[in-house]
Amino acid sequence: MIHHELIVVGGGLAGLRAAVEARNAGIDVAILSQVWPGRSHSGAAQGGVNAALANHPESADDTWEKHAFDTVKGSDYLADQDAVAQMTKDAIPVIYQLDQWGCPFSRFDNGTIAQRPFGGAGYPRTCYGADKTGHYMLHTMVERAVKAEVPMYVEWFVTRLMVDEGVCRGVVAYDMIKGGFEAFTADAVIMATGGAGRTYSNSTNAIISTGYGMAMAYHAGVPLKDLEFVQFHPTGLLTTNILMTEGARGEGGYLLNGEGERFMQRYAPKAMELAPRDITSRSIQTEINEGRGIDGKGFVYLDLRHLGAEKILEKLPGIRDLAIHFEGVDPIEEPIPIVPSQHYSMGGIDTDMDGATDLAGFYAAGECACVSVHGGNRLGGNSLLETVVFGRRAGAAAAQHIRNSGPSPDMTVLAGRTVAAVEAQVGGLAARGAAGEDPYAVRAEMTTTMKDHFGVFRDAATMHAGLDKMLALKERVGNVGLRHTGGVLNLDMIRTVELEGMVDVALGIAAGALARTESRGSHSRTDYPDRDDTHWLKHTLAHYHPEGPRLGSKPVTLGMFEPQERKY
Amino acid sequence: MPEARFRIKRWDPESDEAGAERYDEFTVPYDTSLTVLEGLFYVQERLDGSLSFRYCCRAAVCGSCAMYIDGRYRLACQTNVRHLTGDVITVEPLPHMPLVKDLACDMTDFFAKYEYIKPYLMRNSAPPEKEIPQSPKDRHKLDEPIDCILCGCCYSSCPSVWGEENYLGPHALLKAYRFEIDSRDQARRERLPRFDNERGAYRCHTITNCVEACPKELNPTEAIQWLKGAAVRRRILGRLK
Chain A
582 MIHHELIVVG GGLAGLRAAV EARNAGIDVA ILSQVWPGRS HSGAAQGGVN AALANHPESA
642 DDTWEKHAFD TVKGSDYLAD QDAVAQMTKD AIPVIYQLDQ WGCPFSRFDN GTIAQRPFGG
702 AGYPRTCYGA DKTGHYMLHT MVERAVKAEV PMYVEWFVTR LMVDEGVCRG VVAYDMIKGG
762 FEAFTADAVI MATGGAGRTY SNSTNAIIST GYGMAMAYHA GVPLKDLEFV QFHPTGLLTT
822 NILMTEGARG EGGYLLNGEG ERFMQRYAPK AMELAPRDIT SRSIQTEINE GRGIDGKGFV
882 YLDLRHLGAE KILEKLPGIR DLAIHFEGVD PIEEPIPIVP SQHYSMGGID TDMDGATDLA
942 GFYAAGECAC VSVHGGNRLG GNSLLETVVF GRRAGAAAAQ HIRNSGPSPD MTVLAGRTVA
1002 AVEAQVGGLA ARGAAGEDPY AVRAEMTTTM KDHFGVFRDA ATMHAGLDKM LALKERVGNV
1062 GLRHTGGVLN LDMIRTVELE GMVDVALGIA AGALARTESR GSHSRTDYPD RDDTHWLKHT
1122 LAHYHPEGPR LGSKPVTLGM FEPQERKY
Chain B
21 MPEARFRIKR WDPESDEAGA ERYDEFTVPY DTSLTVLEGL FYVQERLDGS LSFRYCCRAA
81 VCGSCAMYID GRYRLACQTN VRHLTGDVIT VEPLPHMPLV KDLACDMTDF FAKYEYIKPY
141 LMRNSAPPEK EIPQSPKDRH KLDEPIDCIL CGCCYSSCPS VWGEENYLGP HALLKAYRFE
201 IDSRDQARRE RLPRFDNERG AYRCHTITNC VEACPKELNP TEAIQWLKGA AVRRRILGRL
261 K
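The listed protein sequences correspond, in order, to chains A and B.
Here the first sequence stands for residues 582 to 1149, where the numbers follow the numbering used here.
Here the second sequence stands for residues 21 to 261, where the numbers follow the numbering used here.
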């Protein structure tokens, strides 16, 4: 049994930022991460991070209020406006602080942080470091955690929360290097484990973005919010779904259909390629569905050739490398074949602006959380922002909670009991062994079901069929067996344990999507094509139940901006 | 459907004697494209659940899956089977590193050395109200070193690391360079003693294996020579930077 005052699960941007904040407040905090923190999925973010710094010549009169308006409009009015205001206000000092911590943002000639246009934004306010902004921010944040001497338990896979009488008291984790399970007791836990992209077969996300952190909270009784809002990024590479940043269009890239037409003129005549992601992905999918993909096939082109070699090498070098290595296409010479791809979970663990949840002592931040600042559709450049703004706030709030709490109770019995429960769970999987269901077959069927039945366009019949498949998979996942029982770096065990959580989160997405009889943001139903503010201007809450999610709702916080029709 | 034959180096600390590594062969079918990482997942899921390796982004940005593939340092996710010649694909862990299991090495010393170099921006003046101004020219000096993904290829390939366990290695020194040349850094002499010694920059004998090994095409050797020059200038000329 190991004790820290605060345990942060996940070493991406949100987790690191939370840990640094708590550490600087004098809290004994440790990070547990499945990978060395610098390998986290935050590092795959490319295009940038939004803040109304007004550095760009065309954004001299930009303000946090305008950033807030763009975010709320982009969310299709489902975001909580007090949280959005907090984020867009905090954005400015948080980005300056990142710079002062060494983040290598690109620069304008006058030495200020460079900004570029991004989808759904009224001003060029996306601060960037070439097309590797996430990588630069993540490494900067690891460096700050090293400087602050935050202890890091690297390659520890957290499997379960420890909860006693309605209070979160820590976690149980698998020591991937030495083998075995260990209890980590704490006075507070912050979940910062990222999104659930890998519940889909066509995701841009890292392989470890399984949504398992959401599932641990869900299983512990914390509701998940707005899961049905799944962002499809307009430009994933055709073969691998690897991300091609929105910054490629921010720098002037075109989307072309099989007829060589810039088809966005028919969908968003003003914003063109820089319409928000939900609208752009629907436009691409419509072109494909109506036979205007390239050679009538299921993809369109992202064309950068007119930008010229110099601009591509200066502003988009990472995109070029990825296109060459993973698609065999040099964007200087050829257009890039792209397809809308699952990219981001707008939904997640239901939190307030401080990352606090219904479970005392339990906080969440980053993509695994749903504050909600993204509502029905997240704007590009707001996810990196969310991690640092709400990571910081969660770290501060957890620190305050710890200071206000009395001395920790004796958790020895709880720790022993929870470790025994995890060992029994894994023992059960091992006992079924190869005679049990094949977890990888279940995983493959789940991810294709989510792609085929809960994609860019949705309707009742398709989703009903999908939900039936998911319920059948939920049955089967209860019978999966382990093929390998070794102690060291047992991928079979990790991937089988996380599968059950993935199926539960996917079921939550499916149930929420079927229940919401309207179209809003990324949730686009052909049978209910309009937004229905009368009935659905509210958040969905999914509560875990062994037989499937129990759905409830929660009001949206308005205040600054009245809902209006979205046009771009 | 074409098939790829994988020959994978195996070792399990729970069942194998030290030094008793072996090679297992597997056949993996594929259609149009297959990366080595995808091949490893196929083996782990369908042929041998005991196979261990590291993975995360599968897009060459996280540095998890650095391996020795067909005798070259590569990222498994970035290596397409189509581009490999030969009848069989040999996959081994990074050489000259202690093993955890199968294709995963022990990276403890690697990261301890990274932390030792004080890998963070140091300031000794009050923070400005906004960003610290930096010209595009000064920012461009960072382009190469900030691309490092700390995958470990350079460290594994360096004969000076093989011969001296206390040598910091190309990755840590490249990181020191990254901050020493940053116009915003005010470390002055604080980082200097960490690399201005026999386990630091001077242990590099410009063998340039690291340059060849780096999957991001960076040049740690050149960066280390800059550190040597900077250290000497500071000692002889008394310069702060």
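Built from N, CA and C at the ideal position, the CB exists for glycine as well.
- How close, in whole Å, do the beta carbons of residue 753 of chain A and residue 764 of chain A come, if the pair is a contact with beta carbons under 8 Å? Right, the Cβ-Cβ distance comes to about 5 Å (below 8 Å), so this counts as a contact.
- The alpha helix (DSSP H) enclosing residue 982 of chain A, as first and last residue numbers: Where residue 982 of chain A is concerned, the enclosing alpha helix (DSSP H) stretches over 963 to 985.
- Item | residue 716 of chain A versus residue 746 of chain A - alpha carbon distance | Distance between the alpha carbons of residue 716 of chain A and residue 746 of chain A: 40 Å.
- Going along chain A, which residues have a C-beta under 7 Å from residue 98 of chain B? Going along chain A in sequence order, the residues near residue 98 of chain B (Cβ under 7 Å) are 906.
- Task: Work out the CA separation of residue 163 of chain B and residue 893 of chain A for me, nearest whole Å.
- Result: Looking at the two C-alpha atoms, the distance is approximately 15 Å.
- Query: Do you know how far the Cα of residue 815 of chain A is from the Cα of residue 981 of chain A?
  - Reply: So the two alpha carbons sit approximately 41 Å from each other.
- Go ahead and pull the three-state DSSP assignment for residue 621 of chain A. Of the three classes helix, strand and coil, the one that applies to residue 621 of chain A here is coil, per DSSP.
- Length of the line joining the Cα atoms of residue 875 of chain A and residue 645 of chain A: Rounded to the nearest angstrom, the two C-alpha atoms are 40 Å apart.
- Task: Would you please verify whether the beta carbon of residue 154 of chain B is less than 8 Å from any beta carbon of chain A?
- Result: For residue 154 of chain B, the closest Cβ of chain A is nearer than 8 Å.
- Message: I'd like the span of the beta strand (DSSP E) that includes residue 126 of chain B, first residue to last.
- Response: In the DSSP assignment, residue 126 of chain B falls outside any beta strand (DSSP E), carrying neither H nor E.
- Task: Taking residue 756 of chain A as part of the beta strand (DSSP E), name the residues at either end of that continuous run.
- Result: For residue 756 of chain A, the uninterrupted beta strand (DSSP E) segment begins and ends at 748 to 756.
- Message: So if I threshold CB-CB distances at 9 Å, which residues from the region 58 to 88 of chain B count as touching chain A?
- Response: Per Cβ criterion, the list reads 61, 64, 65, 66, 68, 69, 70, 71, 72, 73, 74, 75, 76, 77, 78, 79, 80, 81, 82, 83 and 84.
- Task: Please name the residue, chosen from B:54, B:48 and B:86, that lies closest to residue 68 of chain B on a Cα-to-Cα basis.
- Result: For the residues B:54, B:48 and B:86, the minimum Cα distance to residue 68 of chain B belongs to B:48.
- Along the alpha helix (DSSP H) that carries residue 646 of chain A, what are the first and last residues, could you check? Bounds of the alpha helix (DSSP H) holding residue 646 of chain A are 645 to 655.
- Query: Counting only runs that start and end within the region 890 to 971 of chain A, where is the beta strand (DSSP E) found for 3 or more residues in a row?
  - Reply: You should have 917 to 926, 929 to 931 and 943 to 945.
- Query: What are the boundary residues of the alpha helix (DSSP H) that residue 199 of chain B is part of?
  - Reply: From DSSP, the alpha helix (DSSP H) with residue 199 of chain B extends over 190 to 200.
- Query: Can you list, in chain order, the residues of the region 150 to 184 of chain B whose Cβ is nearer than 7 Å to any Cβ on chain A?
  - Reply: Residues of the region 150 to 184 of chain B with a Cβ closer than 7 Å to any Cβ of chain A, in chain order: 150, 151, 152, 153, 154, 155, 156, 159, 162, 166 and 170.
- Alpha carbon to alpha carbon, how far is residue 974 of chain A from residue 946 of chain A? Give it in angstroms, no decimals. Approximately 9 Å between the Cα atoms of the pair.
- What are the residues of the region 595 to 624 of chain A that lie near chain B, defined by any Cβ-Cβ distance shorter than 7 Å? Within the region 595 to 624 of chain A, the residues whose Cβ lies closer than 7 Å to any Cβ of chain B are, in chain order, 616, 617, 619, 620, 622 and 624.
- Message: My output table needs one value for residue 155 of chain B: the three-state DSSP class, helix, strand or coil.
- Response: The answer is coil: DSSP assigns residue 155 of chain B none of H, G, I, E or B.
- Check the DSSP bridge columns for residue 642 of chain A and list the partner residues they point to. DSSP, once it has assigned bridges, lists no residue as partnering residue 642 of chain A.
- Query: Are the beta-carbon atoms of residue 595 of chain A and residue 907 of chain A separated by less than 8 Å?
  - Reply: Not a contact, by the Cβ cut-off of 8 Å.
- Message: Which residues in chain B have a C-beta closer than 7 Å to the C-beta of residue 1005 of chain A? List them in chain order.
- Response: Residues of chain B passing the Cβ test: none, with the nearest at roughly 21 Å.
- Query: Does DSSP put residue 687 of chain A in a helix, in a strand, or in coil?
  - Reply: Residue 687 of chain A carries a coil assignment under DSSP once its states are collapsed to helix, strand and coil.
- Task: Out of A:928, A:827 and A:811, state which residue places its alpha-carbon closest to the alpha-carbon of residue 818 of chain A.
- Result: Minimum Cα distance to residue 818 of chain A is reached at A:827.
- Any idea what DSSP makes of residue 1137 of chain A, helix, strand or coil? Coil, per DSSP.
- Considering only C-alpha positions, which residue in the set A:931, A:1135, A:896 and A:583 is nearest to residue 712 of chain A? Ranking A:931, A:1135, A:896 and A:583 by Cα distance to residue 712 of chain A puts A:896 first.
- Pairwise C-alpha distance: residue 656 of chain A and residue 891 of chain A: About 35 Å.
- Residues in the region 719 to 753 of chain A with C-beta within 7 Å of chain B's C-beta atoms, listed in sequence order? Using a CB distance below 7 Å, the part of the region 719 to 753 of chain A facing chain B consists of 724, 725, 727 and 728, ordered along the chain.
- Give the secondary structure of residue 794 of chain A by DSSP, where H, G and I count as helix, E and B as strand, and everything else as coil. Looking at residue 794 of chain A - three-state DSSP - the assignment turns out to be helix.
- Alpha carbon to alpha carbon, how far is residue 1112 of chain A from residue 698 of chain A? When rounded, the distance between both Cα atoms is 27 Å.
- Query: Going along chain B, which residues have a C-beta under 7 Å from residue 858 of chain A?
  - Reply: Proximity of chain B to residue 858 of chain A at the Cβ level (cut-off 7 Å) is not reached, the minimal Cβ distance being about 19 Å.
- Any idea if residue 1023 of chain A is buried or exposed, counting beta-carbon neighbours within 10 angstroms, 16 or more meaning buried? Result: buried.
- Own chain partners of residue 714 of chain A with C-beta closer than 7 Å, once the 5 adjacent residues on each side are dropped: Excluding its 5 nearest sequence neighbours in each direction, residue 714 of chain A has C-beta neighbours in its own chain below 7 Å: 626, 627, 628, 629, 630 and 965, listed in chain order.
- Message: Counting only Cβ-Cβ distances shorter than 8 Å, please list the residues of the region 112 to 125 of chain B near chain A, keeping chain order.
- Response: Hits within the stretch, in order: 120, 121, 122 and 124.
- Message: Less than 8 Å between CB atoms is the rule here; does residue 140 of chain B satisfy it with respect to chain A?
- Response: For residue 140 of chain B, the answer is yes, since a Cβ of chain A falls inside 8 Å of its Cβ.
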